[in-house]
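Here the structure is laid out as structure tokens; the discussion comes afterwards.
Numbering (my numbering), first residue to last: 697 to 967.
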């Protein structure tokens, strides 16, 4: 477990994260690209139980994702425990400690038209809280045509967005009365960050920040590695159905602190 050494971010970056719900970190993770690529290929060769294809047969391209593999993939485990990622999450959220929630890989092969719909992550999760940080680290160069996009300030919207199944738009839970419908993001009313990222860069955003991505019509793969970190105000949330990831048998009640045996503390403020 790492503790806070010299500050990794400027005060302006911290303030921007609180205001916008997202920031771009430039060049911090160059040394981690090759290890993360190796871990990524291990998962592709032997997917876990949550591996999912998001493009139907014959539709063209491939959009594959998998998560919750970090404890069996040494490269992912080292990144979570030894990279600056958790410390940065602690700084931008103002937390006394950081727990790992899970990691997530996504690949869109060339010629994949299927987009990632606009959504928030938090409604799918069994957690609630304000001090959260989700990393999106491209393992291939990305342009504005295939990068992840975020709606700045959407982490402060008054209610969470209704989570849905992307293939059908059906509600994720039987009772969706606690959620609001997604507004029309593409109508020009919102401030959208569309970063062009180089290898070693990372986009970091709050679990409540609305985000999405186009397909990949370029000639190269678009691999991305994500990790979700939880700060010291995050608590268990009962959503009224199976969440994603499901974390079956977690044994927690509404408002409980997240289990450290399932979600280890990977960074603590040096006090």
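Think of the CB as a built atom: it goes at the ideal place given N, C-alpha and C, for glycine as much as any other residue.
- Residue 799 sits in a strand when the DSSP states are folded into three classes.
- Across the structure, residue 708 and residue 893 are spaced so that their CA atoms are roughly 20 Å apart.
- If you ignore the 5 residues before and after residue 712, its C-beta comes within less than 6 Å of the C-beta of 719, all in its own chain and listed in chain order.
- By DSSP's assignment, residue 793 forms a beta bridge with 964.
- With contacts defined by Cβ atoms closer than 8 Å, residue 918 and residue 804 form a contacting pair.
- Ranked by Cα distance from residue 735, the first of 905, 867, 772, 861 is 772.
- Beta-bridge analysis with DSSP links residue 824 to 931.
- Three or more Cβ pairs closer than 8 Å define a contact, and the region 859 to 866 falls short of that threshold against the region 725 to 735.
- Looking at 828, 939, 890, 943, the one whose alpha-carbon comes closest to that of residue 840 is 890.
- Here residue 855 carries a coil assignment [DSSP, helix/strand/coil].
- Between residue 907 and residue 845, the CB-CB gap stays under 8 Å.
- With contact defined as three or more Cβ pairs closer than 8 Å, the region 737 to 756 and the region 926 to 936 are not in contact.
- The Cβ neighbour count for residue 716, taken over all protein chains shown within 10 Å, is at least 16; the residue is labelled buried.
- Residue environment: residue 783 is assigned as buried (16 or more neighbouring CB atoms within 10 Å of its CB, all protein chains considered).
- Per DSSP, reduced to three states, the secondary structure at residue 870 is coil, with no helix or strand assignment.
- Minimum Cα-Cα distance from residue 875 among the listed residues 820, 807, 813, 940 corresponds to 820.
- Distance from the CA atom of residue 870 to the CA atom of residue 936, rounded to whole angstroms, is 8 Å.
- In the three-state reduction of the DSSP assignment, residue 719 falls in the strand class.
- In the DSSP assignment, residue 814 falls within the beta strand (DSSP E) that extends over 812 to 815.
- For residue 733, the three-state secondary structure derived from DSSP is helix.
- By the neighbour-count criterion, in which a residue is buried when 16 or more other Cβ atoms sit within 10 angstroms of its Cβ, residue 828 is buried.
- Annotation: the continuous beta strand (DSSP E) that includes residue 901 extends over 898 to 901.
- Taken atom to atom, the span from the alpha-carbon of residue 769 to that of residue 741 is near 12 Å.
- Nearest Cα to residue 956 within the set 887, 765, 795: 795.
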